[in-house]
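This report concerns only the one structure given below.
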Amino acid sequence: MSNQKILEGIKVVEMGTHVAVPYCSRELSDLGADVIKVEPLTGESYRGKMGMLFQLPFQEDYDVLFNAYNVDKKSLSLNLKDEDAKEALIKLLGTVDVFVTNTREEVLARLGLSFESLQEKYPKLIIGNVSGYGTKGPDKDKRGYDASSFWSPSGMIQEWNFQDNDFAFKPFYGFGDAIAASQLTSGILAALYQRALTGKGDIVRVSLLATGLWTNICGLLRYQDGQDFPRPYNQPIVPLDNFMKTKDGKQFLCSEENWPARYKIWLKLMGREDLMDDPNWNSMKGYVNRADIPNKVDMLKECVANHTSEELDEALKDSGAIYEYLNETDNIMENQQAWENDIFAKVQMRNGKESIITNAPIRFASQPDPDGEHVTARKLGEDGDIILKELGFSDEKIAEMVEKKSIIIKK
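-6 is the number of the first residue of the sequence shown in our numbering; add one for each residue after it.
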């Protein structure tokens, strides 16, 4: 088993805001890449103010939101309207393998940093980009976050809502971004493989719109079949496909794809052994009979309500049934399975407190599982002097750039 991480030796520059691009470079970092985060003089938007918006601690020494997406990265803060700062970025991009950004291409072009000019200057450079709506069509220049570009156009919110709600529910922040981040990571890994074969870099593009529609292919097929959404609670696609409350107050969900193997258990639990020979209950075709689903939902809901979680566990053990109880939010961090599989990691913050984050979910048989050791996110521009010296800038020049606010270096 190798002690070297799979992307060790790969260098990445990230110029990203919010979630998708920073989470992509965070994932590359977990895989061993060396990441430099380039930020404006005001800092990336998740520093401070977004923590305040989410009612999370956002002090400089305890900014938990920014930290989760930016552990282990070096920080370089540049005013790209300044020629010296722009020269520093261009020099830096000549020393790395990957440049990831969600800065709009027209903005980069105005700065003289168009993707095409960067490719011409550095033909081996791989450029990764996340946009809201893609590079063509009427919305190509439209800004978007995951709620607007991932969730809303894909229809997923409608599928997960109930008909008796006047409004669609508001999804929590960052889900679509996290999926787009992993899509971009996959594309960058493919581009690195291609470069190893051809010596040429590439531009890898991912949009939140495409990611949302890709994620929801099952829903798209159901729409094409004429199924209506949102649906009432008592008319899911299959009878057990709703959360139901147990006698001891837990929310229970059973994803039952092999009803014929388990119908006897449920009929026994309901005290309805008289239905054992009823084709409306003992076959998959009968189980998903749309006309009878509301009746089955009501019967199963009552059955679950009459049993404790312990009784359901006993009845379903060794049956092969796939089910789970909704994890109450105050118990999520106590998930032993997550800790045993190195999914969670503790990060020591600058103020001495700990914050729990997640490790990247990818694992390789050739490497040890994550050790969970992360360096808390840097202060704004904290590594600027070291990075600029490595690019050939003298101490005097760096001091001049600090003085005229080409860069910020916080220690």
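The beta carbon of each residue, even a glycine, is placed where N, CA and C say it ideally should be.
Return the chain-ordered list of same chain residues with a C-beta closer than 6 Å to the C-beta of residue i, the five sequence neighbours on each side being excluded.
i    : result
V12  : G167, D170
A184 : I119, D195, V197
R40  : F59
F222 : Q151, E152
S147 : G205, L206, N209
A174 : A13, Y16, C17
Does residue i pass the burial test, meaning 16 or more other C-beta atoms within 10 Å, or should it be called exposed?
i     : result
Q(-3) : exposed
C17   : buried
Y186  : exposed
D134  : exposed
A203  : buried
E7    : buried
D291  : exposed
C424  : With the chain represented from -6 up to 404, any question about residue 424 goes unanswered, as that position is not in the structure.
D378  : buried
S357  : With the sequence shown as reference, residue 357 is identified as Phe, and Ser is not the correct amino acid for it. Exposed, because fewer than 16 other Cβ atoms sit within 10 Å of the Cβ of F357.
P225  : exposed
M45   : exposed
M326  : exposed
L213  : exposed
P363  : buried
L73   : buried
S387  : exposed
R19   : buried
K404  : exposed
Quick check: what's the CA-CA separation for residue i versus residue j?
i    : j    : result
T279 : I286 : In the sequence as presented, Thr is not what sits at residue 279; that position holds Gly. Cα to Cα, the separation comes out at about 9 Å.
G127 : L293 : 45 Å
P33  : V100 : 14 Å
I258 : D306 : 12 Å
Q220 : M43  : 39 Å
Q217 : E109 : 39 Å
D323 : T94  : 35 Å
G105 : E113 : 12 Å
E37  : N282 : 53 Å
Q330 : L82  : 43 Å
K339 : E333 : 13 Å
E303 : T35  : 53 Å
V405 : Y318 : Only positions -6 to 404 of the chain appear in this structure, which leaves residue 405 out of reach.
E321 : R215 : 31 Å
L21  : E266 : 55 Å
L49  : S312 : 43 Å
A392 : T191 : 41 Å
A284 : F47  : 44 Å
L69  : N328 : 36 Å
Quick one, which of the options has its alpha-carbon nearest residue i's?
i    : options                : result
L373 : V31, D23, I(-1), G9    : V31
Q176 : K193, S200, N154, L262 : S200
K129 : G121, L104, E98, E113  : E98
P232 : M277, E53, F165        : M277
R255 : M394, M269, K390, G242 : M269
T301 : I325, E327, G242, A140 : G242
L24  : G9, G205, K42, V5      : V5
R420 : K289, Q220, F51        : The structure shown does not extend to residue 420, since the chain is modelled only from -6 to 404, so the question has no answer here.
R103 : D75, K404, A392        : D75
G365 : F337, E375, E383       : F337
Q156 : N275, Q228, E396       : Q228
S124 : G87, H367, G9          : G9
N209 : L260, S145, G264, K114 : S145
I355 : L82, A78, D27, T178    : T178
I3   : G345, L111, I350, T88  : T88
K390 : A78, E53, I83, K289    : A78
V64  : E321, A353, L384, G385 : A353
V57  : S22, T351, I400        : T351
T96  : N122, K84, E80         : N122
L417 : H367, L0, G264         : Outside the displayed span of the chain (-6 to 404) sits residue 417, for which this structure offers no information.
Quick one: what's got a C-beta closer than 7 Å to residue i's C-beta in the same chain, skipping five residues either side?
i    : result
D132 : Y126
N154 : A161, F162, P223
Q341 : E347, T369
W252 : M277, Y280
V395 : I402
A308 : I258, L262
I172 : T204, T208
N273 : G279, N282, D285
Once you ignore the five residues that flank residue i on each side, which residues in its own chain have a CB closer than 8 Å to its CB?
i    : result
K193 : P116, K117, Q187
E250 : I315
I349 : M326, F337, A338, K339, V340
Write down the C-beta distance between residue i and residue j rounded to the nearest angstrom, noting that I regard them as a contact closer than 8 Å.
i    : j    : result
Y316 : F245 : 7 Å
Y55  : P15  : In fact, because the Cβ distance is near 19 Å, the residues do not count as touching under 8 Å.
N299 : K240 : 6 Å
P164 : A140 : 6 Å
L86  : L111 : 6 Å
K67  : I380 : 7 Å
For chain D, check one thing: does any of its Cβ atoms lie closer than 7 Å to the Cβ of residue i?
i    : result
L246 : Reference to chain D is not applicable here, since this structure consists of a single protein chain.
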